[in-house]
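S.K.: Under my numbering, the first residue of the sequence shown carries the number 19, and numbering increases by one thereafter.
A virtual CB, placed ideally from N, CA and C, is assigned to each residue, including glycine.
Quantities reported herein were computed from a predicted structural model and do not represent experimental measurements.
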Amino acid sequence: MRRFTSKSSLLKGLVLFIGAFFCILALHVNAVNSQTVHSELANFRPVTVWRPAHKTNFGKRYPKDIYGRPVNNQPIVVLHETVSSGASTIRFFQTPHYNESEQASYHDLVIRNGTIVHLVSRENRAFGAGNSTFRGPNGPESVKTHKIYSASVNNFAYHISLESPPDGRHNGNRHSGYTQAQYKSLAYLVANSQIPTSRVTTHKGVDRSGSRRDPRSFNNRYFTSLVQRFSQINQAKSVSPNAPAFVEAEPPMPGLEDR
19 MRRFTSKSSL LKGLVLFIGA FFCILALHVN AVNSQTVHSE LANFRPVTVW RPAHKTNFGK
79 RYPKDIYGRP VNNQPIVVLH ETVSSGASTI RFFQTPHYNE SEQASYHDLV IRNGTIVHLV
139 SRENRAFGAG NSTFRGPNGP ESVKTHKIYS ASVNNFAYHI SLESPPDGRH NGNRHSGYTQ
199 AQYKSLAYLV ANSQIPTSRV TTHKGVDRSG SRRDPRSFNN RYFTSLVQRF SQINQAKSVS
259 PNAPAFVEAE PPMPGLEDR
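1. In whole angstroms, what separates the C-alpha of S123 from that of E58?
2. Considering only C-alpha positions, which residue in the set W68, K73 and S150 is nearest to T220?
3. Going by the DSSP bridge assignment, what does V7 pair with across the sheet?
4. Does DSSP put K78 in a helix, a strand or coil?
5. Using the beta-carbon count (16 or more within 10 Å), is Y196 buried or exposed?
6. Would you list the residues sitting across from H136 in a DSSP beta bridge?
7. Leaving out the 5 sequence neighbours to the left and right, which residues in its chain are closer than 6 angstroms to I129 when beta-carbon positions are compared?
8. Using DSSP's beta-bridge definition, name the partner residues of H115.
9. Hey, V135 and A144 are a contact pair by Cβ (cut 8 angstroms); roughly how many whole angstroms apart?
10. Measuring only the C-alpha atoms, how far is P100 from T107?
11. When you compare only the Cα positions, how much space is there between H115 and H125?
12. On the DSSP letters alone, give me the boundaries of the alpha helix (DSSP H) that S203 sits inside.
13. Using a 10 Å radius around the Cβ and a threshold of 16 neighbouring Cβ atoms, would you call H177 buried or exposed?
14. In three-state DSSP terms, what is A49?
15. Let me make sure I understand the geometry here. Which of Y85, E118 and F62 has the alpha-carbon closest to that of G77?
16. Excluding the five sequence neighbours on either side, which residues of its own chain have a C-beta within less than 8 angstroms of the C-beta of P158, listed in chain order?
17. Give the single residue among R231, P183, S179 and I84 whose Cα lies nearest to the Cα of S160.
18. With a Cβ-Cβ cutoff of 9 angstroms, do S194 and P64 count as a contact?
19. Helix, strand or coil: how does DSSP classify D185 here?
20. Which class does E120 belong to by DSSP, given the choice of helix, strand or coil?
21. Quick one: Cα of H188 to Cα of Q212, how far?
22. Would you verify that the beta carbon of H72 is, or is not, closer than 9 angstroms to some beta carbon of chain D?
23. One question on the structure: do R217 and V95 come within less than 9 angstroms of each other, judged by their Cβ atoms?
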């Protein structure tokens, strides 16, 4: 009986030792992986290009609504997807649209390889979400800037779109999703905008028509974790007097006039 008890104790001790060893090993691997990912994000610089939208497809941000009331909404981020190729989206925004019902634009577009295409300066109002409202902790927010068209979030929105995958160029509910390169570039933009995640939403989230579903098949958990990591890196760099600037200067406007 004593021999059995001794062997049982030895076996239990061995099991506990092995379990502790693998726990320590897992923690070490996770720490190394986390440090590697952190280092990769700290050195991450997405490729950016400037493809300005035609001046008919964006406008100025108004300090007052059509009733003369001052507007002071804090900015929000609205996420979209193209439901078409990036190239065709850019061509559409660069095409003059003198019919107001056809005018549309984003501020930035993230194509499949992670390249960021600047389309409209953030100082201007992109036409990304008509007939829309943001439902935040302070209640519904929208601004009416046109006597005919419904109030929208465009006056205080930063519109960013993801290029849809080839199997997502339809009106279905889902597709294969976005690339890791797209998520990284998108999170980079949002973190550097310094707009809190509580004011990051989607086209579906602000749409009042019930017809918008973008961005479909979006991994919000992964996106949010990347934004948090980039934000931590920004904070670390901001306290270091020798740290290089993390936010890249926006390309200059090539002589465009607002309508």
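M.R.: Checking against the coordinates, here is how it stands:
1. Taking the first residue of the sequence shown as 1, we reach residue 123 at position 105. Taking the first residue of the sequence shown as 1, we reach residue 58 at position 40. Computed Cα separation, rounded: 32 angstroms.
2. Your numbering for residue 220 matches position 202 in the sequence shown. Closest by alpha carbon: S150.
3. Limits of the chain in this structure are 19 at one end and 277 at the other, which puts residue 7 out of reach.
4. Residue 78 sits at position 60 when you count from the first residue of the sequence shown. Correct three-state label for K78: strand.
5. Along the sequence shown, read from residue 1 onward, the residue named residue 196 stands at position 178. With 16 or more other Cβ atoms within 10 Å, it is buried.
6. Looking up residue 136 in the sequence shown gives position 118. W68 and D126.
7. The residue given as residue 129 occupies position 111 in the sequence shown. Excluding residues within five positions, the ones whose Cβ falls inside 6 angstroms are G104 and E181.
8. Here residue 115 refers to the residue found at position 97 of the sequence shown. Note: H115 sits in no beta bridge, so no partner.
9. Sequence index remark: in the sequence shown, residue 135 carries index 117 (1-based). Sequence index remark: in the sequence shown, residue 144 carries index 126 (1-based). No, V135 and A144 are not in contact; Cβ-Cβ is about 13 angstroms, not under 8 angstroms.
10. Numbered from its first residue, the sequence shown carries residue 100 at position 82. Numbered from its first residue, the sequence shown carries residue 107 at position 89. In the sequence on display, residue 100 carries Thr and not Pro. Whole-angstrom Cα-Cα distance: 7 angstroms.
11. By 1-based counting over the sequence shown, the position of residue 115 is 97. By 1-based counting over the sequence shown, the position of residue 125 is 107. Near 17 angstroms, if we compare the C-alpha coordinates of H125 and H115.
12. The residue labelled residue 203 in the question sits at position 185 within the sequence shown. It spans Q198 to S211 - the alpha helix (DSSP H) in which S203 sits, taken as one unbroken run.
13. In the sequence shown, residue 177 corresponds to position 159, counting from 1. Burial call: buried.
14. Mapped onto the sequence shown, residue 49 falls at position 31. Reliability fails at A49, whose pLDDT of 41 lies under 50, so the model's placement of it is uncertain and the value that follows must be treated cautiously. Of the three classes helix, strand and coil, the one that applies to A49 here is helix, per DSSP.
15. Translated into positions along the sequence shown, residue 77 becomes position 59. Checking every option, the nearest Cα to that of G77 belongs to E118.
16. As a working mapping, residue 158 is identified with position 140 in the sequence shown. Only T151 and F152 meet the Cβ criterion.
17. Translated into the one-based positions of the sequence shown, residue 160 becomes position 142. That would be I84, whose Cα lies nearest to the Cα of S160.
18. Within the sequence shown, the letter at position 176 stands for residue 194. Within the sequence shown, the letter at position 46 stands for residue 64. No.
19. If you number the sequence shown from 1, residue 185 lands on position 167. DSSP places D185 in helix when its eight states are reduced to three.
20. Within the sequence shown, numbered from 1, the residue matching residue 120 stands at position 102. Correct three-state label for E120: helix.
21. Locating residue 188 in the sequence shown gives position 170, where the first residue counts as 1. Locating residue 212 in the sequence shown gives position 194, where the first residue counts as 1. Each residue's alpha carbon lies about 33 angstroms from the other.
22. Absent from the structure: chain D. Only one protein chain is present.
23. On the sequence shown, residue 217 is found 199 positions in, with the first residue counted as 1. On the sequence shown, residue 95 is found 77 positions in, with the first residue counted as 1. Contact flag set, yes.
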